[in-house]
Each structure stands twice: as C-alpha cells, then as structure tokens.
Amino acid sequence: MRIAILSRNPSLFSTRRLVEAARARGHETKVIDVLRCYMNITSHAPSMHYRGEELNDFDAVIPRIGASVTFYGTAVLRQFEMLGVYPLNESVAITRARDKLRSLQLLSRKGIGLPITGFAHAPDDVEDLIKMVGGAPLVIKLLEGTQGIGVVLAETQKAAESVIEAFMGLKVNILVQEYIREANGADIRCFVIGDRVVASMKRQAKEGEFRSNLHRGGTATLIRITPEERSTATRAARIMGLNVAGVDILRSNHGPVVMEVNSSPGLEGIERATGKDVAALMIEFIEKNAVLGKTRTRGQG
Ligand SMILES: Nc1ncnc2c1ncn2[C@@H]1O[C@H](COP(=O)(O)OP(=O)(O)OP(=O)(O)O)[C@@H](O)[C@H]1O
Ligand SMILES: [Mg+2]
C-alpha cells in the first residue's frame with residue numbers, strides 16, 4: 001500500500017516509528033507537511049498538490065496533526081477523504097476530539113464516567129459555579145492548556161475563587177472540575193486501536209505534584225487495567241468516532257473517569273513503558289480496514 005503520513009516533522013519519534021513500521025510491513029510511505037499542501041476543490045476533479053506535484057494514488061493516510069494546525073490540517077485530511085483515501089482517523093472525529101467541551105458533552109450523553117465538571121466563560125456568580133461542582137478542592141483548567149500548564153489545584157474555596165477570577169480577567173474559557181484526590185497523582189493512558197486497548201501505562205506525578213504529565217516530571221510504567229477501565233476506554237474512543245485514540249482515565253472512588261480522549265496519541269511514552277510495537281499495530285489496522293474509496297465521511301462532514 002501507499003501510505004501518507006501527515007506530520008510537520010519527519011524526525012519526531014512517532015512519525016519515525018510509523019514510517020519504520022509501515023516499511024517493515026512492505027508499504028511505501030511519504031511524510032507530508034500539511035501546511036505545504038494546496039488543494040483544488042472543484043466539484044468534478046478535486047486534487048491535492050504538494051511542493052509543485054500532484055499527490056495521488058495513496059491508499060491510506062495517517063493524520064498526526066498538531067493542535068496548533070488543527071484547522072488547516074483537518075481541511076487537508078478532508079481533501080484526502082474526498083479523494084477516496086482511507087483515513088486512520090477521520091477529519092470529523094479529530095475536530096470533535098480537539099474541542100474539549102464538545103468531547104465531554106458527547107461522553108456524558110452516553111453515560112461515560114467523568115469527573116464532575118463545569119465550564120464557564122464569564123460567570124457573574126463564581127461562588128455558585130464552585131458550588132455547582134461540589135466545592136473545593138477543585139481543579140481549574142485553561143481550555144487551551146497542554147502538558148499540564150494551565151491546570152491548577154485550588155485546595156480551598158478562597159483559592160478557587162481567586163484563581164477563577166484571575167482566569168476570567170484574562171477572558172479565557174475554563175473548566176472547573178472535581179479533584180480526584182484518590183487517584184494519588186496518577187492517571188492511566190489507554191492506547192485504543194479499533195475496539196481494543198492495545199497498550200496501557202500508568203503515569204505517576206513526581207513527589208508533591210498532582211499532575212502526572214511526563215513534561216512535569218511524571219514517570220510512566222506498565223499497568224494492568226481492569227475490565228471496566230478497558231471497556232470505558234474503548235467506548236470513549238467509539239463515541240468520539242476515533243479508530244486510534246489515547247484515552248486518559250483517573251481511578252476514582254466512583255469508578256474510572258475519563259479526563260480526555262486524544263486523537264493523536266504519542267508513541268514514545270507508551271512504547272517505552274510497555275515494550276509493545278504500537279506503530280505496527282496501527283499499520284496492521286490500516287491493512288485490515290483500508291478499502292480504497294470507502295470512507296464514511298466521503299463528500300460530507
Ligand atoms: N480532576 C482531576 N483530578 C485529579 N487530577 C487531575 C484532574 N484533572 C487533571 N489532573 C491531573 O493533572 C494532569 C493534567 O491535566 P490534563 O490532562 O487535564 O491537562 P493537560 O495535560 O495540560 O492537557 P492535555 O491532556 O489536553 O494536553 C492529569 O494528567 C492528571 O494527572
Ligand atoms: Mg493531559
């Protein structure tokens with residue numbers, strides 16, 4: 001097969017691993033920087049161009065679209081879909097997953113366990129917002145944050161009020177969330193492919209820290225997950241419409257709760273922690289499912 005990998009940087013660990021795994025299984029690959037793609041959307045002859053050449057004859061496309069280029073990146077992916085190329089994750093599903101509020105709303109509608117969560121832009125009554133989610137201690141998150149930056153633990157009612165007011169002053173969207181203390185600074189990353197969790201790791205925050213992000217000094221180890229955690233992760237991915245997803249779960253007193261569903265989960269942490277060849281499993285999934293011209297979003301979305 002000919003597989004396009006949408007990635008801005010061919011030297012990233014995940015990109016390199018996908019190229020390696022695809023080649024090892026006898027496929028041709030091309031790494032494509034989405035920002036350098038340009039497209040013709042004429043109704044009878046849509047096309048895709050890259051560095052002066054028309055791109056065609058791809059059987060499948062693996063989107064690894066960074067958060068900062070979501071808008072243009074999903075448009076490029078959609079163009080591949082219009083050309084009948086099989087996407088490992090569809091553009092609509094990626095767009096859905098990139099919107100945290102939309103994701104939480106979809107998951108809650110289907111009964112997936114979530115931390116009690118409120119969201120706000122400019123509430124006139126901060127006290128009532130805090131009361132609504134059960135009071136302090138609370139986790140307050142910037143909607144646009146990543147790698148643990150913009151995630152704050154407010155231990156007391158007063159601290160929560162001041163942090164929320166400070167964020168409000170900056171005119172940013174925030175999430176206010178029940179603090180899952182019993183998770184003890186750990187979360188579980190479940191790597192889902194299709195309807196299976198193929199690998200899972202526990203990320204543990206460093207001493208004195210509640211955020212388990214590896215960028216904040218957290219450490220990753222192999223973990224055995226429970227059947228309930230397994231089904232929560234696969235259901236969450238399915239609800240989002242993602243074939244490949246990184247589902248982040250906290251172990252709470254009321255069962256597993258989903259923090260986030262990531263549409264472009266990194267391979268480095270999970271492959272190192274579990275020793276599994278996750279990249280090969282992604283390629284294998286494409287081999288089984290990519291049928292030329294068969295994409296659910298073709299001409300839609
Ligand atoms: N409600 C919560 N209760 C307990 N711990 C939490 C809660 N929310 C987040 N955490 C901890 O803080 C870490 C960072 O939070 P989160 O994953 O929401 O933000 P982020 O990593 O900055 O964003 P993203 O995952 O979108 O890149 C989590 O991995 C988890 O360890
Ligand atoms: Mg996170």
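Quick note: the sequence shown uses full-length UniProt numbering, first residue 1, plus one each step.
Glycine included, C-beta positions come from ideal geometry on N, C-alpha and C.
The structure displayed is predicted, hence computed values, not measured ones.
Inset, instruction - Can you say whether K131 is buried or exposed, counting buried as having 16 or more other CB atoms within 10 angstroms of its CB? - result: exposed
Inset, instruction - Run the CB neighbour count on D128, radius 10 Å, all protein chains shown included, and call it buried at 16 or more, exposed below. - result: exposed
Inset, instruction - For P63, count neighbouring Cβ atoms within 10 angstroms of its own Cβ and tell me buried if that reaches 16, exposed if not. - result: buried
Inset, instruction - May I ask whether a heavy atom of ligand 1 can be found less than 8 Å away from the beta carbon of D248? - result: yes
Inset, instruction - For M39, collect the residues of the same chain with a Cβ closer than 6 Å to its Cβ; drop the 5 residues on either side in sequence, then sort them by chain order. - result: M48 and Q79
Inset, instruction - Decide yes or no for the touch test of the stretch 182-193 against the stretch 147-166: beta carbon pairs closer than 8 Å, at least 3 of them. - result: no
Legend entry - beta-carbon Y86 near ligand 1 non-hydrogen atom, thresh 8 Å: no
Inset, instruction - Verify whether the separation of the beta carbon atoms of L172 and L138 is less than 9 Å. - result: What sits at residue 172 in the sequence shown is Val, not Leu. In this structure, L138 does not lie closer than 9 Å to V172 by Cβ.
Legend entry - Whether L77 touches L170 by CB criterion (9 Å): no
Legend entry - Cβ shell of I116 (< 8 Å), same chain only, five flanking positions each side left out: V133, G134, Q177 and E178
Inset, instruction - Give a yes or no on contact between the stretch 275-285 and the stretch 20-32, applying the rule of three or more CB pairs nearer than 8 Å. - result: yes
Legend entry - Cut-off 8 Å between Cβ atoms - residues of its own chain near A290, not counting five sequence neighbours on either side: M1, D59, A60 and Y86
Inset, instruction - Can you tell me which of the three DSSP states F13 falls into? - result: helix
Legend entry - Residues of its chain near F167, where Cβ-Cβ distance is below 6 Å and the 5 sequence neighbours each way are ignored: I174
Inset, instruction - Hey, could you find the ends of the alpha helix (DSSP H) G269 is sitting in? - result: E268 to T274
Inset, instruction - Enumerate in chain order the residues of its own chain whose CB-to-CB distance from residue 308 is below 6 Å, with the five nearest sequence positions on each side excluded. - result: Residue 308 falls outside the range modelled here, since the chain spans only 1 to 301, and no answer is possible.
Legend entry - Check: Q157 C-beta below 8 Å from any heavy atom of ligand 1: no
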